[in-house]
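The next block holds one structure in the form of structure tokens; read it before the comments.
Numbering (full-length UniProt numbering), first residue to last: 1 to 382.
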């Protein structure tokens with residue numbers, strides 16, 4: 001899921017060697033020969049993407065950059081294009097980091113995804129209120145949305161391939177999230193956001209993005225919302241499934257149901273923020289709402305000294321299971337994007353419990369490929 005700076009710092013602080021002598025064998029790099037590179041293995045199937053943080057965008061983490069350039073052909077901005085970053089004050093835009101992100105993608109001829117234009121979390125602090133701290137009128141809110149979207153999308157017109165226009169507007173029971181956008185503008189804030197983005201760049205792809213899409217009630221809520229947008233004449237090119245998964249949730253069948261349901265609208269389907277946590281949940285049915293917080297408990301941080309071999313195998317088998325599903329539906333899926341490069345980059349190290357150590361990605365804290373990456377590549381060799 002999406003990450004705030006504090007969480008990022010916690011994740012970085014937790015970096016250490018991933019395996020001890022009592023744990024699984026050290027992860028090893030795989031060859032970068034064409035048939036052992038993720039993006040090349042899947043080049044005729046779908047794009048392989050990853051989210052970039054600032055150290056990677058600015059080249060301060062060369063090991064990560066090497067992995068990104070070798071194995072991925074699509075990138076998404078983890079934080080640098082969010083509202084609080086690009087417009088911290090009304091009318092004052094800061095594109096330094098976003099410009100560098102786009103330059104990185106262009107230099108490496110990657111599919112560049114902008115994330116995100118409208119989201120209830122991490123907006124500019126001033127966005128919803130007037131000088132007296134009261135909610136602005138509907139008219140003012142719409143104009144602020146329009147100006148923000150026009151300015152950001154126009155700047156990267158013809159350079160960014162697609163935008164997550166709206167992020168996480170539906171909750172798990174299928175109802176609308178009662179965000180400030182919803183409270184001030186109403187349901188049509190989404191329709192307006194897609195309208196403004198299309199006007200700013202008629203050729204860019206436009207996406208809706210959300211988590212827990214395998215929850216049946218939420219899946220149907222998203223389906224109804226997007227269906228209405230399309231019926232009302234809005235262009236929605238794709239729906240992003242944030243696959244923030246665990247070792248035993250969601251079920252493969254429910255993810256497949258979601259792929260089929262969303263694609264029935266005539267839209268592309270994208271896996272947008274994938275990782276697989278190995279850590280126990282703090283409570284049942286947690287989604288990926290970044291405002292959720294739980295107190296640290298030792299029993300919820302069981303792998304501080306490295307990941308046991310049986311857990312390494314579990315997460316590997318789980319990734320292979322998902323990639324088999326994605327290959328089965330390659331005609332519907334446009335890209336599969338991991339939410340981070342190496343384990344130390346993942347927001348899951350600090351959410352929802354600060355200080356935990358997780359192992360949810362394809363590359364370890366040294367940016368070596370985990371053994372099961374070769375298994376994922378081998379799926380397309382058969």
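Note that CB positions come from ideal geometry on N, CA and C, so glycine has one too. Being a predicted model, the structure only gives us computed values, none of them experimental.
Let me check understanding here. Comparing Cα to Cα, which of the options lies closest to residue i?
i, options, result
"residue 385", "170, 47, 150, 277", "Nothing can be reported for residue 385: it is not among the residues displayed for the chain, which extend from 1 to 382."
"residue 121", "138, 166, 161", "166"
"residue 154", "117, 235, 364, 366", "117"
"residue 131", "89, 150, 168", "89"
"residue 249", "143, 274, 195", "274"
"residue 183", "129, 267, 213, 40", "129"
"residue 65", "93, 92, 104, 98", "104"
"residue 328", "49, 253, 152", "253"
"residue 44", "371, 350, 326, 375", "326"
"residue 213", "227, 54, 255", "255"
"residue 379", "330, 366, 227, 245", "330"
"residue 56", "81, 40, 100, 94", "100"
"residue 295", "374, 350, 377", "350"
"residue 181", "139, 159, 156, 198", "139"
"residue 119", "314, 81, 133, 227", "81"
Out of curiosity, what's the CA-to-CA distance linking residue i and residue j?
i, j, result
"residue 75", "residue 63", "16 Å"
"residue 96", "residue 148", "16 Å"
"residue 179", "residue 190", "12 Å"
"residue 142", "residue 188", "10 Å"
"residue 339", "residue 42", "18 Å"
"residue 161", "residue 298", "43 Å"
"residue 91", "residue 317", "49 Å"
"residue 206", "residue 113", "10 Å"
"residue 61", "residue 174", "40 Å"
"residue 247", "residue 201", "40 Å"
"residue 67", "residue 230", "38 Å"
"residue 368", "residue 136", "50 Å"
"residue 242", "residue 337", "9 Å"
"residue 123", "residue 186", "17 Å"
"residue 203", "residue 310", "47 Å"
"residue 50", "residue 72", "7 Å"
"residue 308", "residue 115", "35 Å"
"residue 127", "residue 144", "7 Å"
Throw me the rounded Cβ distance for the residue i and residue j pair, which I believe falls under 8 Å.
i, j, result
"residue 277", "residue 360", "5 Å"
"residue 77", "residue 38", "20 Å between Cβ atoms; not a contact."
"residue 240", "residue 267", "Rounded, the Cβ-Cβ distance is 10 Å, inconsistent with contact."
"residue 358", "residue 279", "5 Å"
"residue 342", "residue 363", "4 Å"
"residue 270", "residue 335", "5 Å"
Leaving out the 5 sequence neighbours to the left and right, which residues in its chain are closer than 8 Å to residue i when beta-carbon positions are compared?
i, result
"residue 170", "176, 177, 210, 218, 221, 222, 225"
"residue 94", "85, 86, 87, 88"
For the ligand FMN, is there a heavy atom less than 6 Å away from the beta-carbon of residue i?
i, result
"residue 201", "As far as ligands go, the structure on display features none, and thus does not contain the ligand FMN."
Excluding the five sequence neighbours on either side, which residues of its own chain have a C-beta within less than 7 Å of the C-beta of residue i, listed in chain order?
i, result
"residue 150", "196, 200"
Which residues in the same chain have their Cβ closer than 6 Å to the Cβ of residue i, if we skip the five residues on either side of it in sequence?
i, result
"residue 215", "172"
"residue 164", "115, 116, 207, 209"
Stretch pair the region 352-372 + the region 79-91: three plus CB contacts closer than 8 Å:
no
Contact between the region 180-199 and the region 224-244: three or more CB pairs below 8 Å?
yes
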